[in-house]
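Numbering-wise (our numbering), the sequence shown opens with residue 434 and increments by one. Here's the structure, in structure tokens; my notes come after.
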Amino acid sequence: MDGGNHSVVSEFVFLGLTNSWDIQLFLLVFSSGLYVASMAGNILIVFSVTTDPHLHSPMYFLLASLSFIDLGTCSTTSPKMIYDLFRERKVISFGGCITQIFFIHVIGGVEMVLLIAMAFDRYVATCKPLHYLTIMSPRMCILFLAAAWALGIIHSLFQLAFIINLPFCGPNVLDSFYCDLPKLLRLACRNTYRLQLMVTVNSGFLCVGSFFILVISYIFILFTVWKHSSGGSPKALSTLSAHITVVFFFFGPIMFVYTWPHSSSQMDKYLAVSDAVLTPFLNPVIYTFRNKEMKTAMKRVFRPLVIFRKI
């Protein structure tokens with residue numbers, strides 16, 4: 434058989450999260466609520482940062498970029514997962530599966546770089562405050578954003594190169610609720626052990642490498658705050674703790690799925706739900722509830738709406 438473009442398989446069947454209708458009903462309510470809240474929260478952050486002059490700073494520019502990416506995280510797998518909870522037979526077309534994989538890896542790569550950029554921003558603000566505006570210039574922020582998208586797209590295209598020419602002519606059942614690249618490789622009509630290893634190494638190296646860069650930057654920041662303890666230390670530690678919380682919830686599931694060699698399928702599924710639904714919801718919650726400037730800006734956004742309603 435020649436290339437995967439002439440594949441016999443035209444669609445893939447998802448086994449979904451569970452066979453229990455009670456659990457599916459719970460997941461439907463839980464996921465739908467978090468999805469709506471995530472979309473609303475992240476849109477509000479992007480709108481507040483864009484319209485409020487008080488938030489036109491490097492930190493909030495990067496935060497708005499992260500929220501924009503989280504909108505993509507919400508929309509890549511969650512709507513399909515929620516829709517499939519209504520259906521007994523859960524299917525996705527071959528093209529839809531490839532598209533889903535592409536956007537999952539683009540968004541993942543972009544978010545990793547943005548989290549590193551945000552950690553760098555906090556490092557400069559804490560360790561080199563007098564040079565902050567010089568180092569974190571608008572040009573530097575744009576470069577970070579461009580680098581994030583470039584890395585995300587290149588990483589995703591590299592991942593797709595592993596499967597685009599593979600023949601799929603037999604089984605088409607994925608024990609998942611979305612198109613997961615490692616599981617998809619196992620359905621190919623030839624031995625893909627080496628490809629699976631390369632995918633694991635590629636994604637695992639990116640995840641672990643980004644995670645260690647973040648850990649090192651946080652160690653430097655914490656050491657600097659401890660060494661030069663002053664009145665601004667609580668605020669710096671509060672901001673840093675928000676970043677660390679976001680990093681933990683983002684990297685935890687991804688590192689487990691892509692670096693743990695014998696993880697259980699059920700564990701993978703629920704970690705994927707956490708990464709697809711819970712993390713985009715927690716990001717706006719963490720960054721708004723613990724940030725006085727952001728809460729004030731959101732009040733200014735809502736004030737005209739409240740006045741208009743009273744009128």
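Just so it is clear, CB atoms sit at the ideal spot from N, CA and C, and this is done for glycine as well. No experiment lies behind these values; they were computed from the predicted model shown.
Task: Any alpha helix (DSSP H) of 4 or more consecutive residues that is wholly inside the stretch 510-583 - done: Under the rule that a run must span 4 or more residues, the alpha helix (DSSP H) segments found entirely inside the stretch 510-583 read 527-560 and 565-568.
TODO: With a cut-off of 8 Å on the beta carbons, I'd call Val-718 and Gly-474 a contact; round off their distance for me.
DONE: For a cut-off of 8 Å, the C-beta gap from Val-718 to Gly-474 is around 7 Å, short enough to register as a contact.
Open item on the list: Does Phe-741 come out as helix, strand or coil in the three-state DSSP assignment?
Closed with: In this prediction, Phe-741 has a pLDDT of 46, which is less than 50 and means its spatial position is unreliable; what the coordinates show is noted afterwards. Residue state, collapsed to three classes: helix.
Task: Residue burial classification, Pro-571 (beta-carbon count within 10 angstroms, cutoff 16) - done: Exposed.
- [ ] Tell whether a beta-carbon distance below 8 Å holds between Tyr-556 and Ile-646.
- [x] One thing to note: Tyr-556 has its Cβ no nearer than 8 Å to the Cβ of Ile-646.
Open item on the list: What does the alpha-carbon distance come out to for the pair Val-375 and Pro-713?
Closed with: Since the first and last residues shown for the chain are 434 and 744, residue 375 lies out of range.
Task: Pairwise C-alpha distance: Ser-511 and Ser-453 - done: Distance between the alpha carbons of Ser-453 and Ser-511: 19 Å.
TODO: Would you give the residue range spanned by the beta strand (DSSP E) that Phe-638 belongs to?
DONE: For Phe-638, no beta strand (DSSP E) run applies; the uninterrupted alpha helix (DSSP H) run containing it begins and ends at 626-660, by DSSP.
Open item on the list: Going by the DSSP bridge assignment, what does Leu-755 pair with across the sheet?
Closed with: This structure does not reach residue 755, given that the chain is present from 434 up to 744, and the question cannot be answered.
Open item on the list: Comparing C-alpha positions only, which one of Asp-708, Leu-496 and Phe-527 sits nearest to Ile-597?
Closed with: When each option's Cα is compared against that of Ile-597, the closest is Phe-527.
Task: CA-to-CA distance, Leu-461 to Leu-450, given in whole angstroms - done: The straight-line gap from Cα to Cα measures roughly 11 Å.
Open item on the list: Any beta carbon of chain D sitting closer than 8 Å to that of Ile-587?
Closed with: Looking at the structure shown, chain D is missing, and only one protein chain is on hand.
Task: For Val-680, the three-state DSSP class (helix, strand or coil) - done: Helix.
Open item on the list: The beta strand (DSSP E) that contains Leu-446, what's its start and end?
Closed with: Position check: residue 446 holds Val in this sequence, whereas Leu was assumed. Taken as a continuous stretch (DSSP letters only), the beta strand (DSSP E) holding Val-446 covers 444-447.
Open item on the list: If I measure Cβ to Cβ from Leu-448 and keep anything under 6 Å in the same chain, skipping five residues before and after, which residues do I get?
Closed with: Excluding sequence neighbours, Leu-448 sits near Asp-608.
Open item on the list: I'd like to know whether the C-beta atoms of Pro-600 and Arg-623 end up nearer to each other than 8 Å.
Closed with: Taking 8 Å as the Cβ cut-off, Pro-600 and Arg-623 qualify as a contacting pair.
- [ ] Round the Cβ separation of Leu-617 and Cys-507 to the nearest angstrom and send it over; I've been treating them as touching at under 8 Å.
- [x] Not really, about 22 Å apart at Cβ, beyond 8 Å.
- [ ] Compute the beta-carbon to beta-carbon distance between Cys-574 and Phe-494, rounded to the nearest angstrom, for a pair I have assumed lies under 8 Å.
- [x] The C-beta separation of Cys-574 from Phe-494 comes to about 5 Å, placing the pair in contact by the 8 Å criterion.
Open item on the list: For the alpha helix (DSSP H) containing Pro-615, name the first residue and the last one.
Closed with: It spans 614-618 - the alpha helix (DSSP H) in which Pro-615 sits, taken as one unbroken run.
Task: Helix, strand or coil at Leu-607 according to DSSP, with G and I counted as helix - done: Assigned with DSSP and collapsed to three states, Leu-607 falls in strand.
Open item on the list: Relative to the C-alpha of Ala-581, which candidate in Phe-535, Met-569, Val-543 and Thr-567 has its C-alpha closest?
Closed with: If we check each option's Cα against that of Ala-581, Val-543 comes out closest.
Open item on the list: Rounding to the nearest angstrom, what Cα-Cα distance links Met-434 and Leu-499 in this structure?
Closed with: Any reading at Met-434 must be qualified, since the residue scores a pLDDT of 42, below 50, and its modelled position is unreliable; no value is offered.
Task: Whole-angstrom distance between Ile-677 and Trp-659, CA atom to CA atom - done: Going by the C-alpha atoms only, they are around 17 Å apart.
Task: Rounded distance between the beta-carbons of Ser-643 and Ile-549, thought under 8 Å - done: Ile-549 to Ser-643, Cβ: 6 Å. Contact.
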